[in-house]
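I have placed the structure first, in the form of C-alpha cells, so that the comments after it can refer back to it.
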Ligand code: C5P
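Numbering (this note's numbering), first residue to last: 69 to 298.
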C-alpha cells in the first residue's frame, strides 16, 4: 500500500510544525529537506516524530565513503526513519552507508530506510543527457543498479520510471517518487505523474510538497492526494 509523504519545505520550524499539527495524523510521513534542516537543525526531527509521524530526512548525501559513513550514523541518531544518498557517489559510498546502518542497528531498531537518489525529477531528457550522457530514464535505471548492488533499500526516481525499476529490482526494493502533481507541473519539476498513475505503476512512497504546503487549504489538498491514491 503506497504512502503519502509531505515535503515540509519551509524556511522556519514554526510553519512546518503548524502544518504537521493541522494534518493531525492523516499523513504517515513528513519530509525534512535542506531548507528546513539548515534552519532548525537535527532537533526538528525528534519534534516532528513526537507529533506521531515518521520522518524522512532528505539531505541527499554525496561525499567520500568515510564522510558518508559518519553522516549516516549521526543522521540516524537524530531519529530519522528514512535517509537519502546520491547514487552518483558510487558503489563504495553507498556501501559505506549500508555498513553504517548495520553498525548502528539494535535489536529494537534496524535503522533508517536508505534510498539512493537517481536522476532528479527536475531534470528533463535534455538536461539529463548533459549531466549523465543519456536520457533521464536510462540514467535513473543505471543509477538504480548501483543502489541495488550496494544493498540500499530502494531509490528515489520519477514515477514515470517506477515500472521499469520494479522489473529488475528484488521484491523488497522500494521506489519513492517526488514530482507528483494532479495535472501538469507549472514549476521546476520536469518528470511528473499523477497520484493515481504513480500508485498504479508501483510507487511505494509519493512525495508531495508545494501542491499541499502552498494550497489555500492544505488539509483539503492533502485529503485530495490521499483520495487520488486509492
Ligand atoms: O514541491 P514539490 O512537490 O515539487 O516537492 C518535492 C520534494 O521532493 C522537494 O522537497 C524536493 O527536494 C524533493 N525531491 C525531488 N526530486 C528528487 C528528490 C527529492 O523533488 N529526485
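We put the CB at the ideal spot given by N, CA and C, even for glycine.
Given the structure is predicted, the values throughout are model-derived calculations rather than measurements.
- At a cut-off of 7 Å, the beta-carbon of residue 140 does not count as near the ligand C5P: no heavy atom of the ligand is closer than that.
- Between residue 233 and the set 213, 246, 221 and 219, the nearest pair of CA atoms involves 213.
- Distance from the C-beta of residue 257 to the nearest heavy atom of the ligand C5P is below 7 Å.
- Rounded to whole angstroms, the gap between the alpha carbons of residue 193 and residue 174 is 42 Å.
- Nearest Cα to residue 156 within the set 215, 179 and 254: 215.
- In this structure, the alpha-carbon of residue 159 lies about 6 Å from that of residue 218.
- When DSSP states are grouped into helix, strand and coil, residue 71 belongs to the strand group.
- A straight line joining the alpha-carbon of residue 262 with that of residue 240 spans about 23 Å.
- The beta carbon of residue 148 lies closer than 6 Å to those of 113, 123, 125 and 180 in the same chain, with the five residues before and after it left out.
- In this structure, DSSP gives residue 260 a state outside helix and strand, which the three-state scheme calls coil.
- Residue burial annotation: residue 80 is exposed, with fewer than 16 other C-beta atoms found within 10 angstroms of its C-beta.
- In this structure, residue 186 lies near residue 224, with their beta-carbon atoms less than 8 Å apart.
- Between the C-alpha atoms of residue 272 and residue 298 there is a straight-line separation of about 13 Å.
- Within 7 Å of the C-beta of residue 185 there is at least one heavy atom belonging to the ligand C5P.
- If you ignore the 5 residues before and after residue 116, its C-beta comes within less than 6 Å of the C-beta of 88, 98 and 123, all in its own chain and listed in chain order.
- By the neighbour-count criterion, in which a residue is buried when 16 or more other Cβ atoms sit within 10 angstroms of its Cβ, residue 154 is buried.
- Look at residue 106 here: in three-state DSSP terms it is helix.
- In the structure shown, the three-state DSSP call for residue 284 is coil.
- For residue 277 against residue 75, the beta-carbon gap comes to about 3 Å, under 8 Å, which counts as contact.
- The beta carbons of residue 127 and residue 294 sit no closer together than 8 Å.
- For residue 132, the three-state secondary structure derived from DSSP is coil.
- Your pair residue 144 and residue 172 checks out as a contact, with CB atoms roughly 5 Å apart and the cut at 8 Å.
- Assignment of residue 275 by DSSP, reduced to helix, strand and coil, places it in the strand class.
- With fewer than 16 other CB atoms across the displayed protein chains lying within 10 angstroms of its CB, residue 176 is exposed.
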